[in-house]
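Quick note, the sequences are listed as chains D and W, same order.
Numbering of the first sequence is given in this note's numbering, commencing with residue 1 and proceeding in unit increments.
Numbering of the second sequence is given in this note's numbering, commencing with residue 1001 and proceeding in unit increments.
See structure below.
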Amino acid sequence: MKLMLVVLAGGLLLQAQGPVPRPAPELRIVEASGKTTMLSSYRGRVVLLAFISTQCAHCQRASLVFEQLSHEFAGRLQVAETAFDDAADTTAFTKRFGLTFPVGSTSSDAVHAFLGVAAGARVGTPQVVAIDRRGMIRAQSERLGSPLLQTPEYLRDLLNAIFRAEAGQ
Amino acid sequence: MIDHSLVISPLGALLFHLHQGFWLYAWPMMIGFVTIIGYQAVGRIVMMGAARWPVVFGLATLVSMLSLFGWVTMVRGIEMIPLYGCGVGLASAMMSRVYAITMPEISLPCYPKLKMRIIRIIWRGDAEGIEQLQRVLRARAEAAHRGASSEAGVEAARARV
C-alpha cells in the first residue's frame, strides 16, 4: 500500500508543470555564432519562445509559423527558439527554414527547469511559451505538447489578447 | 495552459478542434467504412460471376487504391483506432443486410441501342429480388451445363444479373 502511494506520488510529481501566469525564469540563449542573449533582455516586448528539437517535424512547421508571426508583429514581438536535442545543428536549421529570429541551444535540464517540469520527465516538442512585456508567462504548452499553440490563427489571437490586456492596464 | 484572464476569441480554438476532430475521428471512421463497403461490394460482384474480368480488375484496383490512400492519410496516432474500428463495424453490419450486389445491363429508354451496367443491391428483405436472382442463377447454371453451344444463354443470363 505504502509502495503504491509512493509510486502514485512520484507519477503525479512527474506530471506536474509550472502554473500560468508566473514570472518567467531567466534563460541563457546561446546561438551557434557564440552570441549569448539573456531572456530578460527582451523585457519590454512580448516574447514567443519555443523549445524545440531540430529533428522534429512539428517543430520545423511551427518555426515557419513563428517566422511569419515575427514579421506580422514586427517591433512588438520578439520570437526566439532554443533547441535542446543532442548535437542540434542550429545553424543548418536556421538556414534551411530561412529563420530570421535567434535560434540558440540549451541543456535539457535548463528547459525542464524553465517549464517547471520535473527533471527527467518526458516533454513533447515544441514547447511554446508566450511571455508578456513584464516578463510573465501567459501561455505555455502542456507537458506533452499543445498543437493549438502551433497554429498561426490561435497564436495570432493569443498575441492580440496579450497586447490588448497590456494596453488596458 | 493559457492565462484565463486573457480574453481570446474562441473561434480560433473552435476551428482548430473541429479540424482535429475531423482528421482524428471522422476521417478514420469514413476510411474504415468505405474500405469494407468497397472490398465487400467487389467480392459480391465477383461471386455473382456475371461481371467481365476487366470490370472486376478495375473495381478491385480502385477499391485497393482508395483504401491504401485512406490508410496513408490516417496513420497519425492511436486515437484514430477506435473510430476506424467503428467504421469497419458499421460497414460490416450494413453489408450483412445485403443479399447480393449485381451489375445488370440496362438499355437507356431514350436510346435503346446504348447499353450500360448499373450496380444493383438486393437486400435480404427483398423476396422478389432474391427470387428473380435465383431464377437467373439457375438459368445460367443450366446454360453452362448444356455446354459451349449455349454461350448465348450465358450471355443472356449475364445481361440480366
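For glycine and all other residues, C-beta sits at the position ideal for the given N, C-alpha and C.
As the structure is a computational prediction, the values presented were derived from the model and not from experiment.
Residue i CB to nearest chain D CB: under 8 Å?
i, result
"Gly1012 (chain W)", "yes"
"Val1007 (chain W)", "yes"
"Met1080 (chain W)", "no"
"Leu1024 (chain W)", "no"
"Leu1015 (chain W)", "yes"
"Ile1118 (chain W)", "no"
"Ile1002 (chain W)", "yes"
"Lys1113 (chain W)", "no"
So the candidates are the options; which of them puts its Cα closest to the Cα of residue i?
i, options, result
"Thr1073 (chain W)", "W:Val1007, W:Trp1023, W:Ile1119 and W:Gly1087", "W:Trp1023"
"Arg133 (chain D)", "D:Gly75, D:Gly168, D:Ala110 and D:Arg43", "D:Arg43"
"Ile1037 (chain W)", "W:Pro1054, W:Val1055, W:Ser1064 and W:Glu1079", "W:Ser1064"
"Leu99 (chain D)", "D:Ala110, D:Ala62, D:Gly124 and D:Val111", "D:Ala62"
"Phe97 (chain D)", "D:Leu159, D:Val123 and D:Val65", "D:Val65"
"Ser40 (chain D)", "D:Pro152, D:Gly34 and D:Ile29", "D:Ile29"
"Leu69 (chain D)", "D:Ser33, D:Val47, D:Ala87 and D:Pro25", "D:Val47"
"Glu1079 (chain W)", "W:Ser1092, W:Gln1020, W:Gly1043 and W:Met1047", "W:Gln1020"
"Leu1167 (chain W)", "W:Leu1108, W:Arg1138 and W:Tyr1039", "Since the displayed chain W opens at 1001 and closes at 1161, residue 1167 (chain W) lies outside it and no answer follows."
"Cys59 (chain D)", "D:Ser141, D:Ala32 and D:Gln17", "D:Ser141"
"Ala130 (chain D)", "D:Gly34, D:Ile162, D:Glu166 and D:Thr36", "D:Ile162"
"His1119 (chain W)", "W:Lys1113, W:Ala1051 and W:Leu1083", "Note on identity: in this sequence residue 1119 (chain W) is Ile, with His being the wrong assignment. Comparing Cα-Cα distances from Ile1119 (chain W) to each of W:Lys1113, W:Ala1051 and W:Leu1083, the minimum goes to W:Ala1051."
Counting only beta-carbon atoms, is residue i nearer than 8 Å to chain A?
i, result
"Leu1068 (chain W)", "Absent from the structure: chain A. Protein chains present are D and W."
Would a check of beta-carbon distances place residue i closer than 8 Å to chain W?
i, result
"Val20 (chain D)", "yes"
"Ala167 (chain D)", "no"
"Thr151 (chain D)", "yes"
"Ala139 (chain D)", "yes"
"Arg61 (chain D)", "no"
"Leu64 (chain D)", "no"
"Arg45 (chain D)", "no"
"Leu158 (chain D)", "yes"
"Glu72 (chain D)", "no"
"Ile162 (chain D)", "yes"
"Leu49 (chain D)", "no"
"Leu148 (chain D)", "yes"
"Tyr154 (chain D)", "yes"
"Glu81 (chain D)", "no"
"Glu67 (chain D)", "no"
"Glu31 (chain D)", "no"
Taking only three categories from DSSP, how would you classify residue i?
i, result
"Pro1054 (chain W)", "helix"
"His128 (chain D)", "In the sequence as presented, His is not what sits at residue 128 (chain D); that position holds Val. Correct three-state label for Val128 (chain D): strand."
"Val47 (chain D)", "strand"
"Gln1134 (chain W)", "helix"
"Ile1031 (chain W)", "helix"
"Thr91 (chain D)", "helix"
"Ser141 (chain D)", "coil"
"Ser63 (chain D)", "helix"
"Thr37 (chain D)", "strand"
"Gln1040 (chain W)", "helix"
"Ile1106 (chain W)", "strand"
"Pro950 (chain W)", "Shown here, chain W extends from 1001 to 1161; a query on residue 950 (chain W) therefore has no answer."
"Ile1121 (chain W)", "strand"
"Thr82 (chain D)", "strand"
"Gly1089 (chain W)", "helix"
"Gly104 (chain D)", "strand"
"Val1046 (chain W)", "helix"
"Ala1100 (chain W)", "strand"
"Arg22 (chain D)", "strand"
"Met1001 (chain W)", "coil"
"Val30 (chain D)", "strand"
"Leu69 (chain D)", "helix"
"Ile1081 (chain W)", "helix"
"Leu77 (chain D)", "strand"
"Ile52 (chain D)", "strand"
Return yes when at least one heavy atom of the ligand MN lies under 7 Å from the C-beta of residue i, else no.
i, result
"Phe51 (chain D)", "Inclusion of the ligand MN in the displayed structure is not the case, the ligand content being empty and no account of it being possible."
Quick one: measure Cβ to Cβ for residue i and residue j, integer angstroms, because I've assumed they're closer than 8 Å.
i, j, result
"Gly1032 (chain W)", "Gly1077 (chain W)", "That pair is no contact at about 15 Å."
"Glu1128 (chain W)", "Lys1115 (chain W)", "In fact, because the Cβ distance is near 24 Å, the residues do not count as touching under 8 Å."
"Met1030 (chain W)", "Gly1087 (chain W)", "6 Å"
"Arg156 (chain D)", "Ala121 (chain D)", "Rounded, the Cβ-Cβ distance is 30 Å, inconsistent with contact."
"Thr106 (chain D)", "Leu27 (chain D)", "7 Å"
"Phe101 (chain D)", "Val79 (chain D)", "4 Å"
Next on the checklist: Using a Cβ distance threshold of 8 Å, determine whether the stretch 80-87 of chain D contacts the stretch 43-59 of chain D, with at least three qualifying pairs required.
Outcome noted: yes
Next on the checklist: I want to know whether the stretch 93-100 of chain D touches the stretch 115-126 of chain D - three or more CB-CB distances under 8 Å.
Outcome noted: no
Checklist entry - Would you call the stretch 1093-1103 of chain W and the stretch 1123-1142 of chain W touching, i.e. three or more CB-CB distances under 8 Å? => result yes
Item to check | Segment contact, 8 Å Cβ cut-off, at least three pairs: the stretch 142-161 of chain D with the stretch 1015-1022 of chain W | outcome: Pairwise C-beta distances place the stretch 142-161 of chain D in contact with the stretch 1015-1022 of chain W, as three or more of them are shorter than 8 Å.
Checklist entry - Would you call the stretch 135-142 of chain D and the stretch 15-33 of chain D touching, i.e. three or more CB-CB distances under 8 Å? => result Between the stretch 135-142 of chain D and the stretch 15-33 of chain D there are three or more C-beta pairs closer than 8 Å, enough to call the two in contact.
Checklist entry - Would you call the stretch 1004-1014 of chain W and the stretch 1052-1067 of chain W in contact, with 3 or more CB pairs under 8 Å? => result no
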